[in-house]
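Undergrad: Residue numbers (this note's numbering), protein chains in the order written: chain B, 1 to 115; chain U, 1 to 116.
1. Quick check on the DSSP output: what are the complete beta strand (DSSP E) runs of length 3 or more inside the region 53–86 of chain U, in order along the chain?
2. What does residue 101(U) reach in chain B if we use C-beta pairs closer than 7 Å?
3. Give the DSSP bridge partners of residue 44(U), in chain order.
4. Counting only beta-carbon atoms, is residue 87(U) nearer than 9 Å to chain B?
5. Just to confirm, is the Cβ distance from residue 102(U) to residue 35(U) under 9 Å?
6. Would you tell me roughly how many angstroms separate the C-alpha atoms of residue 24(B) and residue 3(U), rounded to the nearest one?
7. For the region 44–57 of chain U, which residues have a beta carbon sitting closer than 9 Å to at least one beta carbon of chain B?
8. How would you label residue 94(U), buried or exposed, when you count the other beta carbons within 10 angstroms and need 16 or more for buried?
9. Can you tell me which residues form a DSSP beta bridge with residue 95(U)?
10. I'd like to know if residue 102(B) contacts chain U, where contact means its C-beta is closer than 9 Å to some C-beta of that chain.
11. From residue 25(U) to residue 106(U), what distance separates their C-alpha atoms?
12. Report back the beta-carbon spacing between residue 37(B) and residue 91(B) to the nearest angstrom; my notes put them in contact at under 8 Å.
13. Just checking my contact of residue 14(B) with residue 77(B) at CB under 8 Å: how many whole Å lie between their CB atoms?
14. Along the region 30–64 of chain B, where does the CB come closer than 9 Å to a CB of chain U? Name the residues.
15. Are there three or more Cβ pairs, one per stretch, closer than 8 Å when the region 5–24 of chain U is compared with the region 60–78 of chain U?
16. Okay, do the region 34–51 of chain B and the region 67–75 of chain B touch, 3+ Cβ pairs below 8 Å being the bar?
17. Check residue 37(B) in the structure and name its three-state DSSP category.
18. Taking C-alpha atoms, which residue in 3(B), 12(B), 60(B) lies nearest to residue 84(B)?
19. Which residues mark the beginning and the end of the beta strand (DSSP E) in which residue 13(B) is found?
20. Note the first and the last residue of the continuous beta strand (DSSP E) segment covering residue 103(U).
21. Taking residue 14(U) as the reference, give the member of 82(U), 108(U), 110(U), 53(U) with the closest Cα.
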């Protein structure tokens, strides 16, 4: 399968713990996006990378959230000192540069539950 | 600023009947419009997009959407619904003006239920 992959698929943690999620985009895509989706809502943008550069960050991304894409390939999203309000589905998407830059390919998501 | 409204939380249709899922948008520049579908426990899948050109856009699985600039709408349609079309549908928009962000804004989603 050459689509976008995310690990883990599910994560249950206790409030105050740190968690890290990984996203592996489609190999030739150099744009990578993180979104958060809660029940009854559409995906909400968190942050965007072009290659290894983090070009945009949402105001939703508090200082407890950090994302990296060190080699321009996979990306990690870390949440420090998790809160119950962080419980959500975290989605990763990638897109190519060039003709179809606007078509984003989504991974299956990581569902985070904070107890 | 850009925004999307999906006025219906749920659409019910009988199999074989035509379906419409509504979307209206607001954007200051040129609208780039998208529809995505989300099946249970799956990621969002791209269906179709409007960037420029013909107002009627054809996409995957027999879906199409019509761009209407005067009504600022981009409704998703299919002539004959299948039970397997039952899923969550998201409309998205981004401002295509030069220097605009690549980040789309998604609607809240519409749950499509196709009854046998």
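For every residue, glycine included, the Cβ atom is placed at its ideal position computed from N, Cα and C.
Just so it is clear, the structure is predicted and the values come from calculations on it, not from any experiment.
TA: To lay it out plainly:
1. Complete beta strand (DSSP E) runs here, min 3: 56–58, 64–68, 73–78.
2. Start at 1 with the first residue of the second chain, and residue 101(U) comes out as number 101. Listed along chain B are 56, each with a C-beta nearer than 7 Å to that of residue 101(U).
3. Within the second chain, numbered from 1, the residue matching residue 44(U) stands at position 44. Per DSSP, the beta bridge partners of residue 44(U) are 38(U).
4. If you number the second chain from 1, residue 87(U) lands on position 87. It does not: the Cβ of residue 87(U) has no partner Cβ on chain B nearer than 9 Å.
5. For the purposes of this step, residue 102(U) is identified with residue 102 of the second chain, where counting begins at 1. For the purposes of this step, residue 35(U) is identified with residue 35 of the second chain, where counting begins at 1. Residue 35(U) sits away from residue 102(U), with the two beta carbons spaced by 9 Å or more.
6. Residue mapping note: residue 24(B) aligns to position 24 of the first chain, counting from 1. Residue mapping note: residue 3(U) aligns to position 3 of the second chain, counting from 1. Looking at the backbone, the Cα of residue 24(B) and that of residue 3(U) are separated by about 29 Å.
7. Under the 9 Å Cβ criterion, the region 44–57 of chain U contributes 44, 45, 46, 49, 51.
8. Taking the second chain and counting its residues from 1, the one referred to as residue 94(U) is at position 94. That one is buried.
9. By one-based count along the second chain, residue 95(U) stands at place 95. In the DSSP output, where bridge partners are listed per residue, residue 95(U) has 31(U).
10. As a position in the first chain, residue 102(B) is number 102, starting the count at 1. True, the Cβ-Cβ gap to chain U drops below 9 Å.
11. As a working note, residue 25(U) is residue 25 in the second chain. As a working note, residue 106(U) is residue 106 in the second chain. So the alpha carbons of these two residues sit roughly 10 Å apart.
12. As a working mapping, residue 37(B) is identified with position 37 in the first chain. As a working mapping, residue 91(B) is identified with position 91 in the first chain. That pair is a contact at about 6 Å.
13. The sequence position of residue 14(B) within the first chain is 14, counting from 1. The sequence position of residue 77(B) within the first chain is 77, counting from 1. That pair is no contact at about 19 Å.
14. Hits within the stretch, in order: 31, 33, 35, 37, 40, 41, 42, 43, 44, 45, 48, 50, 55, 56, 58.
15. Yes, they touch.
16. Cβ pair count under 8 Å is three or more, so yes.
17. Stepping through the first chain from its first residue, residue 37(B) is reached at position 37. DSSP places residue 37(B) in strand when its eight states are reduced to three.
18. On the first chain, residue 84(B) is found 84 positions in, with the first residue counted as 1. Nearest option by C-alpha distance: 12(B).
19. Position 13 of the first chain, counted from the first residue, corresponds to residue 13(B). It spans 10–13 - the beta strand (DSSP E) in which residue 13(B) sits, taken as one unbroken run.
20. As a working note, residue 103(U) is residue 103 in the second chain. Residue 103(U) -> no beta strand (DSSP E), and no H or E assigned at all.
21. Taking the first residue of the second chain as 1, we reach residue 14(U) at position 14. Closest in alpha carbon position to residue 14(U), among 82(U), 108(U), 110(U), 53(U), is 82(U).
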